[in-house]
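Residue numbers (our numbering), protein chains in the order written: chain Z, 879 to 1469; chain D, 879 to 1469. For glycine and all other residues, C-beta sits at the position ideal for the given N, C-alpha and C. Right, one structure below, let's go through it.
Number of protein chains: 2
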Amino acid sequence: MTIRNKASYDNKQKLVDTIKVARGEKPCDVVIKDVNFLDVFSGTFKRGDVAIYQDKIVGVGESYDGAQTIDGKGRYLVPGFVDSHVHIESSLMTPAQFERAVLPCGTTTAIWDPHEIANVRGVEGIEWAISQAEILTMDLFVMIPSCVPSTSPELGFETSGATLTAKDVAKFRGHPNVLGLAEMMNFPGLLSGDQDVVNKLFEFKDYKRDGHCPGLRGRDLNAYGVAGIHSCHESTTLEEASEKLTKGIHVLIREGSCAKDAHTLLPLVNSYTSAVLGLCSDDRNPLDIKTEGHINFIVNLALKQGAKPEDVFRAASFGPAKMYGLEDRGAVAPGYKADVVLVEAKSNWRDGFDIVSVFKDGKGTETAPPSNQGLRPQSKGSVPNLNMGPVGIEDFAVKSSKVGEVKAQVVEVIPAQIVTKKKVATLLVAEGKVREDLAKDVLKIAVFERHHNTGGRSVAFVSGFGIKQGAIATSINHDSHNVIVVGSSDELMAKAVNKLLEIDGGIVVASAETTEELACPIGGLMTEKDPDYVSAKLKGLKALARKIGCKLNEPFLQLSFLALPVIPALKITDKGLVDVEQFALVPVLVD
Amino acid sequence: MTIRNKASYDNKQKLVDTIKVARGEKPCDVVIKDVNFLDVFSGTFKRGDVAIYQDKIVGVGESYDGAQTIDGKGRYLVPGFVDSHVHIESSLMTPAQFERAVLPCGTTTAIWDPHEIANVRGVEGIEWAISQAEILTMDLFVMIPSCVPSTSPELGFETSGATLTAKDVAKFRGHPNVLGLAEMMNFPGLLSGDQDVVNKLFEFKDYKRDGHCPGLRGRDLNAYGVAGIHSCHESTTLEEASEKLTKGIHVLIREGSCAKDAHTLLPLVNSYTSAVLGLCSDDRNPLDIKTEGHINFIVNLALKQGAKPEDVFRAASFGPAKMYGLEDRGAVAPGYKADVVLVEAKSNWRDGFDIVSVFKDGKGTETAPPSNQGLRPQSKGSVPNLNMGPVGIEDFAVKSSKVGEVKAQVVEVIPAQIVTKKKVATLLVAEGKVREDLAKDVLKIAVFERHHNTGGRSVAFVSGFGIKQGAIATSINHDSHNVIVVGSSDELMAKAVNKLLEIDGGIVVASAETTEELACPIGGLMTEKDPDYVSAKLKGLKALARKIGCKLNEPFLQLSFLALPVIPALKITDKGLVDVEQFALVPVLVD
């Protein structure tokens, strides 16, 4: 991977012109007068002018004249924020709409692992993702998904939309917007020297190789480091994150919509560490981005927990920029990209800050960025996103020859976490079929294969949703993105799935009386609608989810992670229940 | 420039093997037991084992078994030091001998600007420098000299051995040991948009471009930053260094033999800045390396000034490694190069530390490194280093038609600085010749062109040496490395120069009775002799210099910088006196 230097110019004349502007011999384009700009090198705010010419900062401190003058009023100017690890698909929007949501939050750079569209559309999905970088105002970099599908196809744990070999992913190296290999979730494979994992790591040996290793500690964590992994965004305790940092695994502090680690991990941020930490959103829905914010939300959380602004703003910008070889950004200094955020501190930094304006490449972004959506990912001819037939109540039967009672393994959802617990529940058998138990909050959950029309499906039990009368179905369902549905009855589950078929993917909540839905025509994962539309839709979906009794704050995201067989402890795929700790398919009924 | 990743392997099997070793499934090569290793990410020392396999660190913290076990005894283990900017030529030794001197000091990586040999031998000199990297145990990286000669040939300020165009330097890009363009000393040229400077900066736009801008401040410093310069090692005040750092110019804190800035600049080192600072030796003689140390000496100075070891050891390793894209080193963490230094803190860190042992690529360096010298730089056929004829007393005449007295511009040497002052002295004229004035310490100084046998020479006056009866001559004389001589009389100056001719370059001190000399057969700059030999020779030279009355601690280094017409204020070349502030040749006699 080539280092992206600061002060890079297309031609020599631009270099000469910019030198003149910096010397004050030619006017600059924009001067932000009298501002406290963050010096990410020394760790202090300095007061003075910040001068911008074309896409770069040309002067800091000294007074300048420019075509446009902005009164900084002694406010603070910080480098644009970097989302160091994001699956844009989790915003349910295309990158062009994602930008509309996050650029006003100060996020000027995002490092995207297009893992979801890659699982659905394979190589074509990644090509589409990379093509999106070209139509945006913000800078979008792509990490090439390392684990599609999440588990080795030979294991037969799940049916994915695509399988990407080392050869498939290697061909994306060298594209200027590709920084490396995305999160190596298959850490058991890495530790055992799995050939496909080793091939991928080796193909990307001169690139950044992101990690994903929840709970990995001790010698196994050392082994993860010697494999070349440079980051992890999956720490959930301070001890775990500290050990990773000590071992050279850069910690990306995550605040998604479901996985919320910031409160726990932010004490890690200090003067010393701020150069080697990053902040990230991973999976964050548009409603949270709209109401709380994006990377700026994490910075605000940190300030409220007592972090120094000089430290946390560095971890939000310079830290991840350096980490990913993006040496052209992350500082308010001459030659750096004019990606800057003008902020107003509340009466006290501990109360947080508000964003006044955002500049990307020297241009103000007060007006909405262009809504060019680019091309859609190439469709598979006439094949719909949901390549499966309608379902009926018979598809939800869990048969048992037992009489009276039976013991079943149950996936236990933990609010705001993507790991689950496993438990055993005693359930009634009636007419040869095992019944859900609404009183005990043990519901049916089912997954339908949707990529190849194989008719594959599995049904099991889940607790934690609390649904009393209704069902939730979605085609957004990590990582294989089959159709997953949870509900209070076979009828309402079938209703939800068939509605999802009608809209060709997205999210559906069904009650006895009505349905709410968000259609996601792009791979069954994303819509081209704008952030306001999506937020409003999500609000409606969430309201109906609450109405049918669901007690989770993030029912759709939590449902979306129940089919991911690399996150402990018990998950369900189209092939059945997967005990992630045993790393094996296990029966639903245990006696 | 390609990022050098940690955990890079020649082949996949090595990757798989190393994973096994890190997991404890295979024994490692070396275990340093019970050591306090520096965590450069969190800023703390952690106690435990550090395991090494082949050339890499494979485990930190956990207990390991290895073929060799070293009892760390609770001592401290820090990353190998990086000399972030050095002219190895100033050690008077070849790289192979330089390594013998500095590797025991813990310096495992050096970033070499082979500026001197390039000035003497041009492209061939750089080719030789790069070839040296291959024969060493330590890692040697090369920055390609940007300013050969130091001033534009059209100015006619000096006669150099070679002239390097943008095309000449560009051809070295892409070599794995070449990190970029060396110190851009021609900052006036940069600021005025000089075409050759712009061409060179542009050719290296994807590489690191080092700076050199003593005293540059304000808007001009901003301009230097927008030109892409990323570092400077020439700050002499804390304010100057602070401004550079704020403006994104990484500060390299220098402690050479002549230019000693560490004491002044070390207060810059703290938890925040230690990630973005470096330490360097620039020009350091073998005697100082032997008696005081190298980068370890600067670290010791910092500790004595109250710096925290966690901070200054980071600035000595991780900081510069990151700065130069050397991401495979600078940390004691799995996957990083096993370039580590075992140190013993004195009873208190404030009293400094001693080096116990040094490991390079996992191997102990207790025994002397191999003394393979590699090839000599290609000689120019039968042409000697000193391509000039013998000199006589008539060559030192400064003629004047005045009677009695005359006013002369005098170069005033400042002890331990490479900048000079200019002053005017009244001197006697006898028999049409201006005389030196030993009582006022105004001596003659002369430069003879030695590359092309042009017969070019100039004579002027200097104060500050204090020589009473004797002369010092050298062919090491930045940057053009012509022959420079200072002395108490024309006779002794001629004696010193003719002795220098006899040994074909090096350093000579002549008294009325005797001479001492160090021969430097490689370009008239370096010897292939070992550090002990060179130190002993230097001691002898210095002793005789003191005996002839010289009061400077570093007479040879100070003399060596008197011909460098880009360092203020007044310098002398083979073309005459150069007023650096006016940037013009000026007459010796002013009335």
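For the pair D/L1069 and Z/I935, the CB atoms are not nearer than the 8 Å cut-off. Residues of chain D whose Cβ lies closer than 7 Å to the Cβ of Z/F919 are, in chain order, L1123, T1124, G1126, T1151 and V1154. Contact between the region 917-932 of chain D and the region 1200-1219 of chain D is present: three or more C-beta pairs spanning the two stretches fall below 8 Å.
Z/G984 is outside the set of residues whose beta carbon lies under 8 Å from a beta carbon in chain D.
For Z/E940, the chain D residues whose Cβ falls inside 8 Å of its Cβ are G1096, R1097 and N1100, in order along the chain. D/I1131 and D/V899 have their C-alpha atoms spaced approximately 38 Å apart. Around the Cβ of D/N1331, a 10 Å sphere holds fewer than 16 other Cβ atoms; the residue is exposed.
The three-state secondary structure of D/N1077, taken from DSSP, is helix. From the beta-carbon of D/T896, the residues of chain Z found nearer than 9 Å are A1101, V1104 and A1105. Of all C-beta pairs linking the region 1176-1184 of chain Z to the region 1229-1245 of chain Z, three or more are shorter than 8 Å, placing the two stretches in contact. Assigned with DSSP and collapsed to three states, Z/P1409 falls in helix. Taking CB atoms only, D/T880 has a neighbour in chain Z less than 8 Å away.
Among the CB atoms of chain Z, none fall inside 8 Å of the CB of D/L1204.
Take the alpha-carbon of D/Q1073 and the one of Z/L893: they are about 11 Å apart. Annotation: Z/G1310 to Z/D1452 spans about 22 Å, alpha carbon to alpha carbon.
Taking 8 Å as the CB threshold, Z/N883 lines the interface with chain D. Boundaries of the beta strand (DSSP E) around Z/P957: Y954 to P957.
A residue is called buried once 16 or more other Cβ atoms fall within 10 Å of its Cβ, and D/P957 is buried on that count. Here D/N1360 is buried: its Cβ has 16 or more other Cβ atoms, across all protein chains shown, within 10 Å. Cβ atoms of D/W990 and D/F1019 come within 8 Å of each other, at about 7 Å.
At least 8 Å separates the CB of Z/Y954 from every CB of chain D. Look at the beta carbons and you see the region 1430-1442 of chain D not touching the region 1398-1410 of chain D: under three pairs across the two are nearer than 8 Å. Put simply, of Z/K884, Z/D1368 and Z/S1038 the residue whose alpha carbon is nearest the alpha carbon of Z/S1389 is Z/D1368. Per the coordinates, the alpha-carbon of Z/L1370 lies some 19 Å from the alpha-carbon of Z/A1308.
An exposed status is given to D/A1317, since fewer than 16 other beta-carbon atoms sit within 10 Å of its beta-carbon. Within chain Z, K890, L893 and V894 have C-beta atoms less than 7 Å from the C-beta of D/V1076, given in sequence order. Contact residues of the region 1288-1307 of chain D toward chain Z are absent (C-beta to C-beta distance below 8 Å). Taking a C-beta distance under 8 Å as the contact criterion, Z/L1463 and Z/V1456 qualify as a contact pair. Selection Z/V1076, Z/E1290 and Z/F1065 evaluated against Z/S1109 yields Z/F1065 as nearest (Cα-Cα). Secondary structure note for D/I1450: its beta strand (DSSP E) is the uninterrupted segment L1448 to T1451.
In terms of beta-carbon proximity, D/D1217 stays away from the interface with chain Z, with every pair separated by 8 Å or more. The beta carbon of Z/V1444 is closer than 6 Å to those of S1028 and M1063 in its chain, skipping five residues each way along the sequence.
Below the 7 Å Cβ cutoff, chain Z contributes no neighbours of D/S1030, its closest Cβ being approximately 17 Å away. In the DSSP assignment, D/Q946 falls within the unbroken beta strand (DSSP E) covering G944 to D949. Between D/A1351 and D/L1378, the C-beta spacing is below 8 Å. Of all residues in the region 925-937 of chain Z, only A929, Y931, K934, I935, V936 and G937 place a beta-carbon less than 9 Å from a beta-carbon of chain D.
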